[in-house]
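Undergrad: To start, I am sharing the structure in question, which I have written as structure tokens.
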Amino acid sequence: MTETISLALFSGTDDKLTAAATMATGAAAMGRPVKVFLQFWALDAFRADRITKDHGVAHEAGPEGAAALRRLDEKGVHWSELLRQAKEIGDVEIAACAHSMEMLAIGRHDLDPLVDDVIGIAAFMAGVNGPVVFI
Amino acid sequence: MTETISLALFSGTDDKLTAAATMATGAAAMGRPVKVFLQFWALDAFRADRITKDHGVAHEAGPEGAAALRRLDEKGVHWSELLRQAKEIGDVEIAACAHSMEMLAIGRHDLDPLVDDVIGIAAFMAGVNGPVVFI
Amino acid sequence: MTETISLALFSGTDDKLTAAATMATGAAAMGRPVKVFLQFWALDAFRADRITKDHGVAHEAGPEGAAALRRLDEKGVHWSELLRQAKEIGDVEIAACAHSMEMLAIGRHDLDPLVDDVIGIAAFMAGVNGPVVFI
Numbered sequence: 027m028t029e030t031i032s033l034a035l036f037s038g039t040d041d042k043l044t045a046a047a048t049m050a051t052g053a054a055a056m057g058r059p060v061k062v063f064l065q066f067w068a069l070d071a072f073r074a075d076r077i078t079k080d081h082g083v084a085h086e087a088g089p090e091g092a093a094a095l096r097r098l099d100e101k102g103v104h105w106s107e108l109l110r111q112a113k114e115i116g117d118v119e120i121a122a123c124a125h126s127m128e129m130l131a132i133g134r135h136d137l138d139p140l141v142d143d144v145i146g147i148a149a150f151m152a153g154v155n156g157p158v159v160f161i
Numbered sequence: 027m028t029e030t031i032s033l034a035l036f037s038g039t040d041d042k043l044t045a046a047a048t049m050a051t052g053a054a055a056m057g058r059p060v061k062v063f064l065q066f067w068a069l070d071a072f073r074a075d076r077i078t079k080d081h082g083v084a085h086e087a088g089p090e091g092a093a094a095l096r097r098l099d100e101k102g103v104h105w106s107e108l109l110r111q112a113k114e115i116g117d118v119e120i121a122a123c124a125h126s127m128e129m130l131a132i133g134r135h136d137l138d139p140l141v142d143d144v145i146g147i148a149a150f151m152a153g154v155n156g157p158v159v160f161i
Numbered sequence: 027m028t029e030t031i032s033l034a035l036f037s038g039t040d041d042k043l044t045a046a047a048t049m050a051t052g053a054a055a056m057g058r059p060v061k062v063f064l065q066f067w068a069l070d071a072f073r074a075d076r077i078t079k080d081h082g083v084a085h086e087a088g089p090e091g092a093a094a095l096r097r098l099d100e101k102g103v104h105w106s107e108l109l110r111q112a113k114e115i116g117d118v119e120i121a122a123c124a125h126s127m128e129m130l131a132i133g134r135h136d137l138d139p140l141v142d143d144v145i146g147i148a149a150f151m152a153g154v155n156g157p158v159v160f161i
């Protein structure tokens, strides 16, 4: 039960990031270490100046799904806040993918303080010790 | 080899649900326990009144891909039927995510009988004992 | 650390295939066996006559994201080349899903030589010995 949960976040839409943050919170609450790796469009969503902005939802959700998620957001907590809580209750590390940083021309200071580090894929894979969840 | 396969289903399109049902069937046939957790748009697809309706395909499939899947459906078995078979041959549990039920205003009686239970993320994570596949 | 990484590739867009190839390369560099299983739209992207053609990006990327990935491609290496390198440095097997071959009417000779074999879901699941990553 002390296996790490590794979350490779690829998608930057609010529905998938909410699912990811929920999983991180659940794992942290169970006492499992969580390692989050931000790539591509998920990394883009962690820019400090837009982390709580509207990042859209999966194409399949349609306008009805988008509206349902927005209603939830109004009374619930944002996925970035869920991740902040997960970091408080457990061992949760969030790293940005160095390669995606370069591709998107994002500098370290552009990122929200939730992000602890910038690492390469080899370092992420070296930390894998349990399930790897690609979201 | 007795590790559980945990499937966190997020997407509700017929191509991804077919991939998920195929994986559940393969795992059940190998004697592995399977735990399915339905979130967001995947949960929506399990409503009793529309489970076998057309749920579309991933945006990237395009009209050609959608047509290929439709041809397959006509001669093959629907993903819901694949899951029914997986439950018959193996230890397959399907649970709905309590949080997504609330978001989509879905009640327990709205769901297809394939769904065994409604649980929270902590209960799902507690059952993780092997790979976690997010689809 | 000798656990296999099993990659079930479903999506055929260049951004997700790049993420998958990067993960395969990272795992191979760490000395982990990698088993890749090609389904649906990912299988379609491995046709010999179009593997290096433009396969688009995830819908959420938008025109800006697509342009960023294209700039990366111009100076970097294509995902198919990354996979070729991963096979050279490590134990990486790539198999096509028999069921998806039938659905998309793809014959074995239509596929790029990167693909080693055609197998069913049961054979793929039998080889699972560690994380299963669905991309």
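Chains as they are written, first to last, in the working numbering: chain F, 27 to 161; chain Y, 27 to 161; chain X, 27 to 161.
For every residue, glycine included, the Cβ atom is placed at its ideal position computed from N, Cα and C.
#1: Below 7 Å on C-beta distance, what does F160/F contact in chain Y?
#2: Terminal residues of the continuous alpha helix (DSSP H) containing I147/F?
#3: In angstroms, rounded to a whole number, what distance separates the CA positions of L43/F and W105/F?
#4: Taking the runs of the beta strand (DSSP E) that are 3 residues or longer, which of them lie wholly in the segment 40-70 of chain Y?
#5: For L108/Y, which residues in chain F fall below 9 Å Cβ to Cβ?
#6: Could you spell out the range, first to last residue, of the beta strand (DSSP E) harbouring I31/X?
#7: Using beta carbons (cut-off 7 Å, strictly below), is E86/X in contact with chain F?
#8: Considering Cα atoms alone, identify which of H135/Y, K79/Y, G156/Y is closest to D40/Y.
#9: Name, going along the chain, the residues of the segment 67-78 of chain X whose beta-carbon falls closer than 8 Å to a beta-carbon of chain Y.
#10: Please report the straight-line C-alpha distance between I77/Y and D138/Y, rounded to a whole angstrom.
#11: For G52/X and chain F, any beta-carbon pair shorter than 7 Å?
#12: Could you tell me the boundaries of the alpha helix (DSSP H) in which I115/F lies?
#13: How about the segment 90-104 of chain Y and the segment 120-139 of chain X: do they share at least three Cβ pairs that are nearer than 8 Å?
#14: From the DSSP output, read off the bridge partner residues of R73/X.
#15: Counting only Cβ pairs nearer than 8 Å, list the residues of chain F close to P157/X.
#16: Measuring only the C-alpha atoms, how far is H125/F from G146/F?
#17: Given a cut-off of 7 Å on the beta-carbon distance, is the pair A47/X and L109/X in contact?
TA: Reading it off the structure:
#1: F160
#2: 147-152
#3: 6 Å
#4: 60-64
#5: Result: empty, since nearest Cβ-Cβ is about 20 Å, beyond 9 Å.
#6: 31-35
#7: yes
#8: K79/Y
#9: W67, D70
#10: 7 Å
#11: yes
#12: 105-115
#13: yes
#14: L137/X
#15: S32, V154, G156, P157, V158
#16: 7 Å
#17: yes
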